[in-house]
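So for the sequence shown, numbering that gives the first Met the number 0 puts the first residue at 0; every next one is plus one. Don't be surprised by glycine CBs; every beta carbon is placed ideally from N, CA and C. The structure presented is a predicted model; accordingly, all values stated were derived computationally and were not measured. To start, the structure itself, in structure tokens.
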Amino acid sequence: MKEEIILIGGGGHCGACIDVLEQEGRFTIAGIVDVLEKRQLKILGYPVIGSDADLPELTRVYGNVLITLGQIKSPHRRRELFSGLRQMGACFPVIQSPLAYVSSHAYVAEGTIVMHQAVINAGARVGLNCIINTKSLVEHDAVIEDHCHISTGAIVNGGVKIGSGSFLGSGAVVAESAAIPSNSFIKAHSLYRE
């Protein structure tokens with residue numbers, strides 16, 4: 000029997016995460032936590048089962064959680080949720096699409112989702128609660144710290160270090176061995192060299 004998991008955040012990113020979870024097939028989605036106004040709605044067939052106020056009880060009942068709230072402008076809410084849920088004793092499995100490739104010589108920390116056709120190569124390290132989005136590439140020996148979002152089609156070249164809480168926009172490229180400071184916002188389709 001599969002373990003159950005609850006999803007925190009019911010927007011567009013949640014739908015993409017549901018698809019990855021269904022393809023991966025390790026968990027049964029028990030429901031979604033969102034704002035009170037969405038209670039009793041369904042997202043791709045899964046019920047909204049509570050709001051933030053219900054998290055202590057839902058975490059106790061289900062244990063496994065995935066933060067499915069997207070991250071573009073700021074990592075603050077995802078970081079805050081992760082910290083609070085951890086204090087409640089939540090478990091944060093790594094979720095990996097069967098259509099993604101993660102080297103056996105790479106490391107991916109808890110709470111991170113690796114989405115369809117993403118690639119994480121040998122020696123790369125990805126921190127807690129990250130989004131490695133569809134068709135993104137994390138090359139050898141790159142380090143992505145906690146609470147980062149590597150957007151669709153972004154390229155993180157070898158030896159790059161991306162500081163915690165950073166956002167790398169769709170199609171952005173980070174040149175080899177560059178270092179991006181924490182809480183950075185790198186625009187879509189840009190080239191970062193520093």
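Inspect the beta-carbon positions of residue i and residue j and report whether they are closer than 7 angstroms.
i    : j    : result
G168 : S150 : yes
A178 : R192 : no
L57  : I112 : no
G158 : E175 : yes
I42  : I31  : yes
V217 : R59  : Residue numbering for the chain in the displayed model covers 0 to 193; residue 217 lies beyond these limits and cannot be assessed.
Work out the CA separation of residue j and residue i for me, nearest whole Å.
i    : j    : result
E144 : R25  : 26 angstroms
G44  : H146 : 28 angstroms
L84  : L68  : 14 angstroms
A89  : I154 : 31 angstroms
N182 : Q70  : 11 angstroms
F166 : F184 : 5 angstroms
A141 : Y106 : 11 angstroms
D18  : I130 : 14 angstroms
G110 : S96  : 14 angstroms
N63  : A108 : 15 angstroms
P55  : E21  : 25 angstroms
P74  : I94  : 19 angstroms
Closest to residue i by C-alpha separation, out of the options, would be which residue?
i    : options              : result
H188 : G170, C13, L54, R85  : G170
S103 : H139, T111, M87      : H139
R78  : G152, V19, N128, M87 : N128
N132 : F184, Q116, F81      : Q116
L197 : V137, G157, K186, G9 : In this structure the chain extends from 0 to 193, so residue 197 is not present and cannot be described.
V172 : F166, L190, V159     : L190
H148 : L136, G157, T27      : L136
A87  : A121, E21, D51       : One detail in the question is off: residue 87 reads as Met in this sequence, not Ala. It is D51.
A121 : P46, V101, E109      : V101
F91  : L98, A99, L80        : L80
Y61  : K1, F166, L40        : K1
A99  : I130, N63, M114      : M114
D33  : H12, I119, S73, E21  : H12
K160 : G126, I130, G49      : G126
L35  : E21, K134, D53       : D53
K186 : E21, E3, K72         : K72
Following the continuous beta strand (DSSP E) through residue i, name the residue where it begins and the one where it ends.
i   : result
T27 : 26-32
L6  : 2-7
G49 : 45-49
Over the uninterrupted alpha helix (DSSP H) stretch that includes residue i, give me the two end residues.
i   : result
G14 : 11-23
L57 : 54-61
Requested in this report: Quick one: which unbroken alpha helix (DSSP H) runs of 4-plus residues sit fully inside the segment 125-167? Chain order, please.
Outcome: Taken in chain order, the whole alpha helix (DSSP H) runs of length 4 or more contained in the segment 125-167 number zero.
**Report entry** Continuous alpha helix (DSSP H) assignments of at least 4 residues falling wholly in the segment 70-110
**Finding:** Scanning the segment 70-110 for uninterrupted alpha helix (DSSP H) segments of 4 residues or longer gives 75-86, listed from N- to C-terminal end.
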